[in-house]
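K.L.:
I have a structure here, written as structure tokens, and I will follow up with some questions on it.
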Amino acid sequence: MKISVETLSLPSLSRLIGRKTEIEMDGGTVKHLIDHLIRTYGKKAGQVLLDQKGKLDIVIQIMINDEGFLPRKEIATRSLKEGDKVKFLLLVGGG
């Protein structure tokens, strides 16, 4: 299946995979997509996406089909389907 991946405000990841790209996968979850990106684009992608414990870095949020931020507890269980649009965004805070 094809998944559309977009990186917003993540220049380090955009340089590796492009701002928008199509990923071909055999199916799976958001966690499988993250693992696929790291296998395909190497250690640097893992350094951008994951913290030292191997979890999605706290400063990164994920949206699927513009439906709001994906709760972190659903990363391992949220299934992806053909044509899904997955966005990786840098969480920026301020005051």
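Everything in the sequence shown is counted per our numbering, starting at 15 for the first residue and increasing by one. Every residue, glycine too, gets a C-beta built ideally from N, C-alpha and C.
Tell me the DSSP secondary structure of leucine 24 in three-state form.
P.N.:
It is coil, neither helix nor strand.
K.L.:
Taking C-alpha atoms, which residue in Lys58, Leu103, His50 lies nearest to glutamate 36?
P.N.:
If we check each option's Cα against that of glutamate 36, His50 comes out closest.
K.L.:
Does the region 54-62 touch the region 80-92, meaning 3 or more C-beta pairs lie closer than 8 angstroms?
P.N.:
No: fewer than three Cβ pairs fall under 8 angstroms.
K.L.:
Taking the DSSP output, what are the residues bridged to leucine 47?
P.N.:
Leucine 47 pairs with nothing; no bridge assigned.
K.L.:
Apart from the five residues just before and just after aspartate 98, which ones in its own chain have a Cβ nearer than 8 angstroms to its Cβ?
P.N.:
Ile17, Ser18, Ile78, Asn79, listed in sequence order.
K.L.:
Of all the options Gly41, Glu38, Asp40, Leu22, which has the alpha carbon lying nearest to the alpha carbon of glycine 32?
P.N.:
Cα-wise, what sits closest to glycine 32 is Leu22.
K.L.:
By the three-class DSSP mapping on this structure, what secondary structure does leucine 63 have?
P.N.:
In this structure, leucine 63 counts as helix in the three-state DSSP scheme.
K.L.:
Here's the rule: buried if 16 or more other CB atoms are within 10 angstroms of the residue's CB, otherwise exposed. What is isoleucine 74?
P.N.:
With 16 or more Cβ atoms within 10 Å of its Cβ, isoleucine 74 is classed as buried.
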